Each structure stands twice: as structure tokens, then as C-alpha cells.
Amino acid sequence: MNKKHARTLIVEQENRNPNNKDSIAYRLNYIIRERRYTAKEVSALTENKSKGLKPIHPSTLSLYINGKSVPNHAYTRRLAQVLKVDPCWLSGDLAFDCINKPKQPNDIDELTEIYTRLDTTWQRCILSISRMVLIGMQYESRNDDNNN
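And the structure:
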């Protein structure tokens, strides 16, 4: 083996390091554990009879998880779809932390949604309590201004 091929092999092995957060192996292992799946369950979920796709065999998944092999693009997309993650995240093209950021609902949108689900009696109650809280806040603000 010449020097050029040896370098290429070393680089490819470094990219497959299963402990590297950018590797498919690390991310696949992480998301499978996060979703509390087994390789057998993920395998069963990858089957798509309507499209004629056979499941990805559990031993093949094990090779991916351990960094011994890398899935092709089609398998990466199937795994991402089953695990409900972005294929770009799974393949390492997006930052690892992108998966950990939960989407926070906008407080105003959430309050509006809750308010509209209440019947009119509870809506009036919420409105009355909100007004009392505002009056209390104004009263506290005036007392703070007078004490300073």
C-alpha cells in the first residue's frame, strides 16, 4: 500500500470514529437510545411494504451503530424518517446540538390558544384575575416609587 492510499484509509477511519459527535455511528446510537428503541425495533420500522422496501437488517444496523460501516444515502434517509430526525443531522452535516433544542411555543400564542379553548365563564374568570394582578402590580410599583 502506497503512502497516498494509507493516508486516505486513515482519514476514512477517523471519520468513522463512533465516539465523534459528527459521525453517523454516534448520532445513530444517540437517537436510538434517546427514543428507547432496540436495533430490532428500528429494523422493523424501516420496512415499507407499500414501496416494496425490505427492513434494514438488525446486524446491518449494528454495524452502523458501531462505526464499522456507513449507511448509503437511501438508508440514511430511511433511518432518519423512522427516527424522526433530519437526514442532514443524522449524516453529520448539521451541528449535533440542533437535535437537543426543543421548540418552545410562543407564550402569547399558547395563552391565546388556551384562552380560546375555555368556555365563556372561565374566560371571564381569567380576565378578572388578570385585571386584579395588573392592579396589584401597579400598586406595588407606586409603593416602590414612594419608598425611594
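The sequence shown runs 56 to 203 under the numbering used here. Where a beta carbon is used, it is the ideal one built from N, C-alpha and C, also for glycine. Here the structure is a predicted model, which is why all the values come from computation and not from measurement.
CB of residue i within 9 Å of CB of residue j, strictly
i	j	result
L108	L83	no
L138	I79	no
F151	K76	yes
L149	D141	yes
P113	S98	yes
I181	L173	yes
Where residue i sits in the DSSP three-state scheme
i	result
L189	helix
N127	coil
K95	helix
S183	helix
L173	coil
N201	helix
A135	helix
S78	coil
N121	coil
S146	coil
R88	helix
D141	coil
Which residues DSSP lists as bridging residue i, in chain order
i	result
N103	L108
Cut-off 6 Å between Cβ atoms - residues of its own chain near residue i, not counting five sequence neighbours on either side
i	result
Y119	L83 and P126
Contact set for residue i: own chain, Cβ-Cβ below 8 Å, skip 5 residues either direction
i	result
L145	I79, R82, L83, I86, T131, L134, A135 and L138
Distance cut-off 8 Å: residue i Cβ against heavy atoms of the ligand PLP
i	result
I184	The model depicted lacks the ligand PLP and carries no ligand whatsoever.
Cβ shell of residue i (< 7 Å), same chain only, five flanking positions each side left out
i	result
P110	S98, A99, T101 and E102
G147	D77, S78, I79 and R82
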